[in-house]
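Chemist: Residue numbers (our numbering): 284 to 494. The beta carbon of each residue, even a glycine, is placed where N, CA and C say it ideally should be.
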Amino acid sequence: MDIRRISSGNRVKRSDDPFVRYALAIQYNGGRYLGFSRQRDVHPNVRRRPLPPSVESRIACALDSLTGDEGHRGLEISSRTDRGVHALWNVAHVDVRPRPSMSGAAWDPRKLQGGINHWLKRDTYGKRINTACGDDVRVVSVARAPSCDWSARYHAIGRTYIYRILACPESSMFGIPFEFDRAWIFPGKLDIDAMNEAAKTLVGTHDFSSF
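1) Check for me: the beta strand (DSSP E) holding residue 338 runs from which residue to which?
2) Do three or more CB pairs link the stretch 364-378 to the stretch 300-309 at distances below 8 Å?
3) Spatial neighbours of residue 469 within its chain, please: CB distance less than 6 Å, with the 5 preceding and 5 following residues excluded, ordered by chain position.
4) From this set, 483, 322, 300 and 339, which residue's C-alpha is nearest residue 419's C-alpha?
5) Would you mind reading off the limits of the beta strand (DSSP E) that contains residue 373?
6) Between the C-alpha atoms of residue 347 and residue 354, what's the straight-line distance to the nearest angstrom?
7) Which residues share a DSSP beta bridge with residue 311?
8) In the DSSP assignment, what are the bridge partners of residue 425?
9) Within 10 angstroms of its Cβ, does residue 377 collect 16 or more other Cβ (buried), or is it exposed?
10) If you follow the alpha helix (DSSP H) that residue 480 is in, where does it begin and where does it stop?
11) Excluding sequence positions up to five away, which residues of its chain have a Cβ less than 8 Å from the Cβ of residue 388?
12) Let's see if you can read the secondary structure: which residues bound the beta strand (DSSP E) around residue 448?
13) Classify residue 311 as buried or exposed, calling it buried when 16 or more other Cβ atoms lie within 10 Å of its own Cβ.
14) Using CA coordinates, which residue listed in 486, 379 and 362 is at the minimum distance from residue 301?
Here's what the structure looks like:
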């Protein structure tokens, strides 16, 4: 039997494995989330204090509702963003079992995208959740992965990050509505010369494989 090793881990994929790998491009507002990766449901210092969910848990719950909890596996993101960080195009991969109702045919990428987005707007009981929580995570594109061992994380050829600083030397400039949760508001004058000097360490080619 033909066996191929998956590059993103120690699991092996057999030729008779029914799961199909897809690439998902995900966009989200991370303001109310602990980050992309799943976190514990309870605050470590306060008993039974619930924490905001992670982006990963939102997508996993949507997949559970769409395919069943055994209908998908191995959700992995190319860049694990931290708490409060947004993403315009963060690519993930996930293995999805073919649809039994379609005689075992693999999911059409556009229908898979529509199905995930449908359940991202609903809770586990199928009830539509409020707009503030229901529209902050979206799958903007889905495609079949080029191979069963393709990894969104390990086969990424580049990542782009944007850091925005809003300098507000006057207190009257604080609380700008259009910049809320979109930039770090710095209450003072920026030392541009010192910033340019520090930025020199980032110029050139560096090994960010562990980043």
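Modeler: Judging by the given coordinates:
1) No beta strand (DSSP E) contains residue 338, which is instead part of the alpha helix (DSSP H) from 338-350.
2) Counting Cβ pairs under 8 Å, three or more are found: they touch.
3) Excluding positions up to five away in sequence, the list reads 448 and 450.
4) When only C-alpha atoms are compared, the closest one is 339.
5) Looking at the DSSP string, the run of the beta strand (DSSP E) that includes residue 373 is 370-379.
6) Taking the straight line from one Cα to the other gives about 7 Å.
7) Bridge pairing for residue 311: 370 and 420 [DSSP].
8) In the DSSP secondary-structure assignment, residue 425 is bridged to 307.
9) Counting Cβ neighbours within 10 Å, residue 377 comes out buried, since at least 16 surround it.
10) Boundaries of the alpha helix (DSSP H) around residue 480: 475-482.
11) Contacts found: 381 and 382.
12) 448-450 is the span of the beta strand (DSSP E), which, as asked, contains residue 448.
13) The residue is buried, with at least 16 neighbouring Cβ atoms inside 10 Å.
14) Nearest C-alpha to residue 301: 379.
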